[in-house]
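Here's the structure we're looking at; comments come further down.
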Amino acid sequence: FFSATGITDGDLVKGVHYTSGAAHTQSLVMRSKSGTVRMIEAHHALDKLEEFSPVY
Numbered sequence: 432f433f434s435a436t437g438i439t440d441g442d443l444v445k446g447v448h449y450t451s452g453a454a455h456t457q458s459l460v461m462r463s464k465s466g467t468v469r470m471i472e473a474h475h476a477l478d479k480l481e482e483f484s485p486v487y
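Residues in the sequence shown are numbered from 432 upward in steps of one, following this note's numbering.
Listed below in structure tokens is the structure:
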């Protein structure tokens, strides 16, 4: 497996972007055995994250 998540915008993936109450991330995940490549866009609700971690 290989994975990369952007912190700042780049040629491969977008960086973290914040909107009101949320953070948006983009990750690239590759599996060499099957040749599967996935681009994942995630939306993280910051109020929910605060329940698990005081730092975000």
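Every residue gets a Cβ at the ideal spot worked out from N, C-alpha and C, and that includes glycine.
Opposite residue i in the DSSP bridges: which residues?
| i | result |
| --- | --- |
| residue 436 | 458 |
Less than 8 Å between the CB atoms is what I'm expecting for residue i and residue j, so what's the real figure, rounded?
| i | j | result |
| --- | --- | --- |
| residue 448 | residue 474 | The Cβ separation is near 10 Å, so there is no contact. |
| residue 435 | residue 463 | About 14 Å; that fails the 8 Å criterion. |
| residue 444 | residue 437 | 4 Å |
| residue 461 | residue 433 | 5 Å |
Go through the region 460–486 residue by residue and report every complete run of the alpha helix (DSSP H) that reaches 4 residues or more, in order.
477–483
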